[in-house]
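Protein chains in written order, with the working numbering: chain A, 1 to 225; chain B, 226 to 405. Cβ atoms here follow ideal geometry from the backbone N, Cα and C, with glycine treated the same way. All figures in this text were calculated on a predicted structure; none of them were measured in a lab. Inspection log for the structure reproduced underneath, given as structure tokens.
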Amino acid sequence: MKFFLILNYILLSIAVLGGLFGLSQHKYIRKSFIWLAVFLLFSGLAQFLAIYLGTKYGNNKIYLSLLTPFYYILIYLIFSNFSKNRLTIKANNLVFIIGSLPILIYTVISINKVEVAIEAISIANVVYSIAAMIYFLDILNTPLKFSPFKLPKFYALTAFLFYHSAIFFFWTSQKFFQTEMNKVSLNMVNVFMVLIYYCVLFGALIVERKYNPEQTDSHKIIKTK
Amino acid sequence: MNRPFIITFISGAVLILIFALYKTVMADDNSLRSDFLTPPPPSVFAQPISDTVAYKLFSDYHQSNNEKDSKGVLRTGDKAIVQFYVDQEQLIEPLKAKALALGKEFLGLSAIPAYNLADSSHTLIWVAVVDADSTAGVKRELMLPKSGERWSDYIYDYTLACPEMCVENSNWLWNTNWVE
């Protein structure tokens, strides 16, 4: 379990460092990536506090439930600044608005029951995955002059789609895998998933700093419409 | 960026924050407050006792210094039962496996005194104790079949008891030279 805790501290430190790096470079990165930096910093600090509350008071379920709407709005702010295509933005808004009501309702229900808002988190994961797919479609409709690996948005969307679509299973299966061994295995999977998630998001900020099309002339996106 | 949505959603999130604060700090419901603020007290069911205390409990039950004169109420035929043996492979593992198959966390075993009329012997029947709802702390419950479900693999009868089947050095239980 010590290894598990150390791994947690490492991945949360990566998130905090990524957030601080992004905020320190706010003059050179675009708005969506500034929000991405805020999200990373918020995630890291919020999860550090969650571990502290859990170890000190034995229960952090209300706190964890409370985080869901704040993550949701931060991720919305990241996504809503990813593209200037009106149709993409409309589709993204629609998905987030539809998901918002059940998320708020289930969060209140879970806080009232002193449980982790598994339902709200699961719905949010579906929303993030659909939104990421909408923006991937946006990328596919926008011919690029350069490799997608130099496109910071590509990394961020990959991280969002990879993590939130895969971790949906983790949250929805919480009630089925009740033995201690299965819980540890599942949590280990979650920790590794989060580690990859934060590393790729951190990578997106580095790529944005290096290849931000608004800062360099060499990378221009040609819009078809 | 849809500003009305952001403002409405953040307002909702802030209201939830206030509700969460109320729920954890201001609520009069003491059970909820203690659930958040203090870890639940540990439940201790088993603790070691000294050999002399163990011998006193043992001999007070049998009211004798030897197996032959025992007045123990649990009997097999005309002999007092000295011990029941719980086998890891034959009893604990199958019940653990059953709990695992049902997706329940195995917590322990419940020994239920019973009587077999066929051979006039007392026995113990064993049922696994599992966590009823792992999402809200530990709730111990007997792992019993649901109404209408076939009764298989849930309850074990363990009829082999000493003196009919004794493990090695069982006689040592009657030793009187215990050192405190």
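If you draw a straight line from the alpha carbon of residue i to that of residue j, how long is it in whole angstroms?
i: Met231 (chain B); j: Ile73 (chain A); result: According to the sequence as given, residue 231 (chain B) is Ile; it is not Met. Using only the alpha carbons, I get a separation of about 7 Å.
i: Ser256 (chain B); j: Asp356 (chain B); result: In this predicted model, Ser256 (chain B) has a pLDDT of only 43, less than 50, meaning its place in the structure is not dependable enough to derive any value.
i: Leu186 (chain A); j: Ala343 (chain B); result: 49 Å
i: Ser275 (chain B); j: Gly297 (chain B); result: 22 Å
i: Leu369 (chain B); j: Val194 (chain A); result: 39 Å
i: Gln315 (chain B); j: Ala322 (chain B); result: 11 Å
i: Lys220 (chain A); j: Phe146 (chain A); result: In this prediction, Lys220 (chain A) scores a pLDDT of 47, lower than 50, which makes its location untrustworthy; no coordinate-derived value is stated.
i: Asn125 (chain A); j: Val116 (chain A); result: 15 Å
i: Lys329 (chain B); j: Trp351 (chain B); result: 17 Å
i: Lys27 (chain A); j: Glu119 (chain A); result: 38 Å
i: Glu292 (chain B); j: Trp399 (chain B); result: 8 Å
i: Ile14 (chain A); j: Asn212 (chain A); result: 22 Å
i: Cys199 (chain A); j: Pro148 (chain A); result: 18 Å
i: Ser83 (chain A); j: Asp138 (chain A); result: 8 Å
i: Leu242 (chain B); j: Ala91 (chain A); result: 29 Å
i: Phe169 (chain A); j: Val189 (chain A); result: 11 Å
Listing by chain order, which chain B residues have their CB less than 9 Å from the CB of residue i?
i: Ser100 (chain A); result: Phe230, Thr233, Phe234 and Gly237
i: Asn112 (chain A); result: Phe244 and Lys248
In terms of residues, what are the limits of the alpha helix (DSSP H) holding residue i?
i: Val95 (chain A); result: Arg86 to Lys113
i: Asp294 (chain B); result: Per DSSP, Asp294 (chain B) belongs to no alpha helix (DSSP H) and is neither H nor E.
i: Trp397 (chain B); result: Trp397 (chain B) -> no alpha helix (DSSP H), and no H or E assigned at all.
i: Val38 (chain A); result: Lys31 to Tyr57
i: Asp263 (chain A); result: What the structure shows of chain A is the stretch from 1 to 225, and residue 263 (chain A) is not part of that stretch, so it cannot be assessed.
i: Tyr71 (chain A); result: Lys61 to Ser80
i: Glu318 (chain B); result: Glu318 to Ala326
Skipping 5 residues on each side, what residues in its chain have a beta carbon closer than 7 Å to that of residue i?
i: Leu349 (chain B); result: Phe309, Ala336, Ile337, Pro338, Ala339 and Tyr383
i: Ser395 (chain B); result: Val307, Gln308 and Cys387
i: Thr172 (chain A); result: Ser122
i: Leu385 (chain B); result: Tyr310
i: Gln288 (chain B); result: Lys296
i: Val16 (chain A); result: Leu41, Gly44 and Leu45
i: Gly203 (chain A); result: Tyr155
Tell me which residue opens and which closes the beta strand (DSSP E) that residue i is part of.
i: Ile337 (chain B); result: Phe331 to Asn341
i: Ala353 (chain B); result: Ser346 to Asp356
i: Ile380 (chain B); result: Ile380 to Tyr383
i: Asp367 (chain B); result: Note that residue 367 (chain B) is Leu in the sequence shown, not Asp. Its beta strand (DSSP E) spans residues Arg365 to Leu367.
Got a sec? Which residues, its chain only, sit under 6 Å from residue i by beta carbon, not counting five neighbours each side?
i: Phe261 (chain B); result: Bear in mind that a pLDDT of 40 at Phe261 (chain B), under 50, signals an unreliable position, so the number given afterwards is only what the model happens to contain. Thr249, listed in sequence order.
i: Glu209 (chain B); result: Within the shown structure, residues of chain B are numbered from 226 to 405, placing residue 209 (chain B) beyond reach of any answer.
i: Gln47 (chain A); result: Leu12
i: Lys150 (chain A); result: Tyr211
Might you give, ordered along the chain, the residues of its own chain that have their beta carbon closer than 8 Å to the beta carbon of residue i, omitting 5 neighbours on each side?
i: Val191 (chain A); result: Phe4, Leu7, Asn8 and Leu11
i: Leu205 (chain A); result: Gly18, Phe21, Gly22, Gln25, Ile29, Phe33, Leu36, Ala37, Leu40 and Pro152
i: Val95 (chain A); result: Val127, Ile130, Ala131 and Ile134
i: Asn93 (chain A); result: Ser80
Could you list which residues in chain B have their beta carbon closer than 7 Å to that of residue i, in chain order?
i: Val126 (chain A); result: Those do not exist, as Val126 (chain A) stays about 17 Å from chain B at its closest Cβ, beyond 7 Å.
i: Thr172 (chain A); result: Under the 7 Å cutoff, chain B gives no residues; its nearest Cβ is about 13 Å from Thr172 (chain A).
i: Ile14 (chain A); result: Neighbours of Ile14 (chain A) on chain B: none; closest Cβ ~26 Å, over 7 Å.
i: Ile62 (chain A); result: Ala245, Lys248, Thr249 and Phe261
Find the residues of chain A that neighbour residue i, judging by a C-beta separation of less than 8 Å, and give them in chain order.
i: Ile241 (chain B); result: Leu66, Pro69, Leu104, Thr107, Val108 and Ile111
Would you mind telling me which residues of chain B sit closer than 8 Å to residue i, beta carbon to beta carbon, in chain order?
i: Ile73 (chain A); result: Ile231, Phe234, Ile235 and Ala238
i: Asn93 (chain A); result: Asn227 and Phe230
i: Ile206 (chain A); result: Those within 8 Å of Ile206 (chain A) in chain B number zero; the least Cβ separation is about 25 Å.
i: Ile167 (chain A); result: Those within 8 Å of Ile167 (chain A) in chain B number zero; the least Cβ separation is about 18 Å.
(message) Using a Cβ distance threshold of 8 Å, determine whether the stretch 52-66 of chain A contacts the stretch 78-89 of chain A, with at least three qualifying pairs required.
(response) With fewer than three CB-CB distances shorter than 8 Å, the stretch 52-66 of chain A does not count as touching the stretch 78-89 of chain A.
(message) Three Cβ pairs or more, each shorter than 8 Å: is that satisfied between the stretch 147-167 of chain A and the stretch 100-114 of chain A?
(response) By the criterion of at least three beta-carbon pairs nearer than 8 Å, the stretch 147-167 of chain A is not in contact with the stretch 100-114 of chain A.
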